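>
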Amino acid sequence: MINFPYGQEIKKVIEKDINFITEEKIRMEDGVNISVKIWLPANVNERTPTILMLTPYISDEGHNYGMFFAIRGYAFVCADCRGRGNSEGWFYPMENDGKDGAEIVEWIAKQDWCNGQVAMMGGSYRGMVQWQTLMHFPPSLKTIVPTCSVGPGIDYPQPGNIFYSFMARWLSLVDGKTGNRPLFSDGSYWANKFYKMHKEYIPFSKLDKLCGCRSEIFQRWLAHPDYDEYWKRMVPQKSDYEKINIPILTITGYFDDDQPGAMSYYLNHMKFGNKESLQNHYLLIGPYDHEGTRFPQKQLGGLNFGDNCIIDMLQLHLEWFDWILKGKDKPNFLKDRIIYYLMGENIWKTANSIDGMANNKYKLFLSSKAKNPSIEKAKGLSEKQENDRDDSYYIYNPKDIIPQNKYFEVKSDFLTDQYDAHLNNSIVFETEPLSEPIEISGYIKFFAFMQIDAPDTDFNVNLYEIQRDYSSIFLTGDMMRARYRNSSSKPKLLNPDEICLYEFKNFYIFSRKVQKGSRLRLVISPLNSPDFQKNYNSGGCIADESINVGREVKVKIFHNAKYPSYLEIPIMKT
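Quick note on the working numbering: the sequence shown kicks off at 3 and runs consecutively.
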């Protein structure tokens with residue numbers, strides 16, 4: 003069931019009737035019929051701009067959106083992806099939607115109720131298909147509003163080239179023609195299956211059968227652990243970004259699982275796009291998780307944000323479409339090209355670029371000794387590089403499994419939890435209490451000189467604010483599979499015991515004012531969770547491996563004059 007917060011508003015204007023077409027079939031060039039539902043303003047004699055949502059989650063989910071926009075003078079079309087709902091064909095996730103989307107756009111533009119202008123909206127998968135449709139440059143597509151957009155091969159199904167267990171769960175949702183919501187929503191079923199795989203060292207390639215999901219797609223994805231042409235053809239490339247000429251509003255959140263995908267589209271457009279189109283690409287990023295990008299909440303993961311973080315997202319969409327498609331005023335909220343929320347101070351700020359969110363770099367060097375740490379195991383993190391003779395290390399054995407009660411525990415406080423800092427094999431680095439507040443905004447980077455005595459392993463790196471009362475606030479994180487340290491497309495196994503520089507550059511973007519008296523805490527640990535494919539450190543084909551090939555690994559981090567490991571933080575100095 004969709005939690006749609008605009009019901010009361012619709013009731014107030016329900017006297018403005020609409021017309022609904024329960025189903026139309028659109029014939030694609032290859033003969034497959036795509037099913038759409040259509041909501042029209044009551045005055046169908048007047049041609050109007052049309053908003054399209056293309057979904058794999060069954061087109062009746064568009065009803066509340068259709069009502070909202072039709073009452074306000076727009077036609078709204080919700081289309082079932084090929085092979086889903088009432089559409090013909092087979093559903094191969096992320097592979098065919100762009101071409102179908104472009105054909106649907108042009109079909110809409112020719113209808114007698116459309117004035118030739120088509121926009122697209124939607125979040126997650128529905129955000130991704132907007133970019134895929136734009137890759138075909140249908141002339142009638144005038145704007146897109148991609149929200150929390152999936153980045154195939156970038157953040158789903160394998161962030162950092164490490165496959166999510168969740169991909170089995172999601173494939174159950176989109177299997178066949180129907181919705182399959184009850185199975186997908188049964189969290190205990192999936193938690194049990196993922197933990198069974200983890201506890202019994204079941205090869206990841208057998209997770210599909212363990213869970214009863216569609217094996218064809220699961221196995222197809224596993225056959226592409228590298229970011230190769232299979233994934234690249236699903237997203238725009240340099241030549242596509244160069245040709246973009248329509249306004250775009252990108253929406254994502256600091257804690258949105260698909261932030262890497264959403265931001266990859268944005269950053270590549272900023273890198274390759276033409277100057278005029280860049281001026282018309284806006285970015286809104288707030289203190290939201292995946293769902294919060296559509297339905298903002300001021301409480302998340304144990305943190306409270308200001309009431310001002312709750313934006314009427316649907317109203318913002320309406321104002322955007324009114325501006326682009328009807329020539330009305332630009333939304334007042336969009337005061338610059340980037341609108342972002344400064345957590346800690348709980349205010350909205352603006353910038354003209356990602357680099358404009360900060361005006362300085364703050365380097366923090368790792369060292370073996372901390373000054374006034376909040377926990378006994380913590381090592382140092384300071385602006386001064388110490389002539390440190392010691393190094394730090396952890397040992398990880400893939401036989402280790404996390405406690406069942408820890409995994410099954412429902413984490414309503416996932417942004418304030420300190421679990422990883424207290425692991426036996428995590429390394430913690432902390433600053434002294436800050437003498438003044440600092441405003442961190444943008445992307446952090448971590449450069450670590452490490453020596454690893456195995457061909458491969460997985461790392462997890464997280465950054466926290468530790469407040470005066472020793473409570474913890476998660477800021478951002480990154481993870482890496484060592485074989486992909488130089489390239490997500492070209493894996494290279496390690497030469498054991500060789501000291502290499504590892505650049506962690508895929509942290510989530512965030513903005514937070516870290517308070518005076520707080521510490522910054524960096525935690526480095528092995529990635530070992532039922533929620534991800536387990537790396538047995540052997541250097542082999544990870545998908546097919548089990549504990550019989552597992553090997554213990556020692557990960558050593560250097561922090562001396564020759565091998566200075568450090569954290570680079572973007573800050574805004576006033």
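For every residue, glycine included, the Cβ atom is placed at its ideal position computed from N, Cα and C. This one's a predicted model, so the numbers in the text were calculated from it and none came from an experiment.
With distances taken between CB atoms, is the gap from Cys-2 to Ala-170 smaller than 7 Å?
What the structure shows of the chain is the stretch from 3 to 576, and residue 2 is not part of that stretch, so it cannot be assessed.
> Among the candidates Gln-119, Lys-492, Tyr-445, whose CA atom is the shortest distance from the CA of Asp-228?
The residue labelled residue 228 in the question sits at position 226 within the sequence shown. When each option's Cα is compared against that of Asp-228, the closest is Lys-492.
> Check this for me: beta carbons of Arg-487 and Asp-458, under 7 Å apart or not?
Mapped onto the sequence shown, residue 487 falls at position 485. Mapped onto the sequence shown, residue 458 falls at position 456. It is not a contact, given that the beta carbons lie outside the stated cut-off.
> Measuring only the C-alpha atoms, how far is Lys-101 from His-138?
In the sequence shown, the residue the question calls residue 101 occupies position 99. In the sequence shown, the residue the question calls residue 138 occupies position 136. Using only the alpha carbons, I get a separation of about 7 Å.
> Could you tell me the boundaries of the beta strand (DSSP E) in which Gly-111 lies?
The count along the sequence shown starts at 1 and reaches residue 111 at position 109. The sequence shown places Ala at residue 111, not Gly. Per DSSP, Ala-111 belongs to no beta strand (DSSP E); it is in the alpha helix (DSSP H), 99-111.
> With H, G and I counted as helix, E and B as strand and the rest as coil, what does DSSP make of Leu-569?
Here residue 569 is taken as the residue at index 567 of the sequence shown, counted from 1. The DSSP-derived three-state label of Leu-569 is strand.
> Starting from Thr-2, trace the beta strand (DSSP E) both ways and give me its first and last residue.
Because the chain is modelled from 3 through 576, residue 2 falls outside the range shown and cannot be assessed.
> Distance, Cα to Cα, Met-199 vs Gln-119?
Within the sequence shown, the letter at position 197 stands for residue 199. Within the sequence shown, the letter at position 117 stands for residue 119. Near 50 Å, if we compare the C-alpha coordinates of Gln-119 and Met-199.
> For the alpha helix (DSSP H) that contains Gly-129, what are its first and last residues?
By one-based count along the sequence shown, residue 129 stands at place 127. Per DSSP, Gly-129 belongs to the alpha helix (DSSP H) from 127-136.
> Specify whether the region 45-52 and the region 83-95 touch according to this definition: at least 3 beta carbon pairs, one from each stretch, less than 8 Å apart.
As far as the Cβ criterion goes, the region 45-52 does not touch the region 83-95, which means the pair count is below three.
> Between the Cα of Ile-377 and those of Asp-331, Lys-518, Ile-204, Phe-431, spot the shortest distance and give me the residue it belongs to.
Counted from its first residue, the sequence shown places residue 377 at position 375. Closest by alpha carbon: Phe-431.
> DSSP on Arg-296, reduced to helix/strand/coil?
In the sequence shown, counting from the first residue as 1, residue 296 sits at position 294. Note: Arg-296 maps to coil in three-state DSSP.
> As a quick exercise: from Ile-156, Met-122, Asp-114, pick the residue whose alpha carbon is nearest that of Ser-490.
As a working mapping, residue 490 is identified with position 488 in the sequence shown. Ser-490 has its Cα closest to that of Ile-156, out of Ile-156, Met-122, Asp-114.
> For a test of the three-state rule: what should DSSP assign to Gln-535, helix, strand or coil?
For the purposes of this step, residue 535 is taken as the residue at position 533 of the sequence shown. Coil.
> In whole angstroms, what separates the C-alpha of Val-34 from that of Glu-105?
One-based indexing of the sequence shown puts residue 34 at position 32. One-based indexing of the sequence shown puts residue 105 at position 103. About 12 Å.
> Measure the alpha-carbon distance for Ala-72 versus Asn-117 and round it to whole angstroms.
By 1-based counting over the sequence shown, the position of residue 72 is 70. By 1-based counting over the sequence shown, the position of residue 117 is 115. For Ala-72 and Asn-117, the distance between alpha carbons rounds to 14 Å.
> So, with DSSP's three-state summary, where would you put Lys-195?
Taking the first residue of the sequence shown as 1, we reach residue 195 at position 193. Helix, per DSSP.
> Give the C-beta separation of Pro-161 and Pro-262 to the nearest angstrom, bearing in mind that I take them to be a contact with Cβ-Cβ under 8 Å.
Numbered from 1 along the sequence shown, position 159 holds the residue referred to as residue 161. Numbered from 1 along the sequence shown, position 260 holds the residue referred to as residue 262. Yes, they are in contact, since the Cβ atoms of Pro-161 and Pro-262 sit about 6 Å apart, within 8 Å.
> When the Cα of Glu-500 is compared with those of Tyr-565, Glu-108, Leu-436, which residue comes out closest?
For the purposes of this step, residue 500 is taken as the residue at position 498 of the sequence shown. Checked all of Tyr-565, Glu-108, Leu-436; the closest Cα to Glu-500 is Tyr-565.
> Applying the 10 Å Cβ sphere with the 16-neighbour rule, what's the burial state of Glu-547?
To locate residue 547, count along the sequence shown from 1; it is residue 545. With 16 or more other Cβ atoms within 10 Å, it is buried.
> Can you tell me where the alpha helix (DSSP H) holding Pro-262 begins and where it ends?
Looking up residue 262 in the sequence shown gives position 260. Taken as a continuous stretch (DSSP letters only), the alpha helix (DSSP H) holding Pro-262 covers 261-274.
> Whose C-alpha, out of Thr-478, Gly-178, Lys-371, Ala-380, is nearest the C-alpha of Glu-388?
For the purposes of this step, residue 388 is taken as residue 386 along the sequence shown, with counting starting at 1. The candidate whose alpha carbon is nearest that of Glu-388 is Lys-371.
> Pro-400: which of Ser-540, Gln-299, Tyr-290, Arg-222 sits nearest, CA to CA?
Working through the sequence shown from its first residue, we reach residue 400 at position 398. That would be Ser-540, whose Cα lies nearest to the Cα of Pro-400.
> If I follow the unbroken beta strand (DSSP E) through Pro-43, where does it start and stop?
Numbered from 1 along the sequence shown, position 41 holds the residue referred to as residue 43. Counting along the chain, the beta strand (DSSP E) containing Pro-43 begins and ends at 35-43.
> By a C-beta neighbour count over all protein chains shown, 10 Å radius and 16 as the cutoff for buried, is Val-560 buried or exposed?
On the sequence shown, position 558 is the one that residue 560 refers to. Per the sequence presented here, residue 560 reads as Phe, with Val not at that position. It is buried - the Cβ of Phe-560 has at least 16 other Cβ atoms within 10 Å.
> DSSP three-state call for Ser-474: helix, strand or coil?
Residue 474 sits at position 472 when you count from the first residue of the sequence shown. In the structure shown, Ser-474 sits in a strand (DSSP, three-state: E or B).
> Measuring straight from C-alpha to C-alpha, what distance separates Ile-20 and Leu-42?
By one-based count along the sequence shown, residue 20 stands at place 18. By one-based count along the sequence shown, residue 42 stands at place 40. Cα to Cα, Ile-20 sits roughly 6 Å from Leu-42.
> Grab the span of the beta strand (DSSP E) containing Lys-245 for me, first residue to last.
Within the sequence shown, the letter at position 243 stands for residue 245. Lys-245 -> not in any beta strand (DSSP E); alpha helix (DSSP H) instead, spanning 240-245.
> Can at least three beta-carbon pairs, one atom from the region 345-362 and one from the region 529-540, be found at a separation below 8 Å?
no
> My output table needs one value for His-561: the three-state DSSP class, helix, strand or coil.
As a position in the sequence shown, residue 561 is number 559, starting the count at 1. Residue state for His-561 is assigned as coil, using DSSP reduced to three classes.
> May I have a chain-ordered list of the beta strand (DSSP E) segments no shorter than 3 residues that lie completely inside the region 414-476?
429-432, 440-444, 447-454, 460-468
> When the Cα atoms are used, what is the spatial distance from Lys-176 to Pro-58?
Stepping through the sequence shown from its first residue, residue 176 is reached at position 174. Stepping through the sequence shown from its first residue, residue 58 is reached at position 56. The residue you asked about is not Lys; residue 176 is Val in the sequence shown. Each residue's alpha carbon lies about 7 Å from the other.
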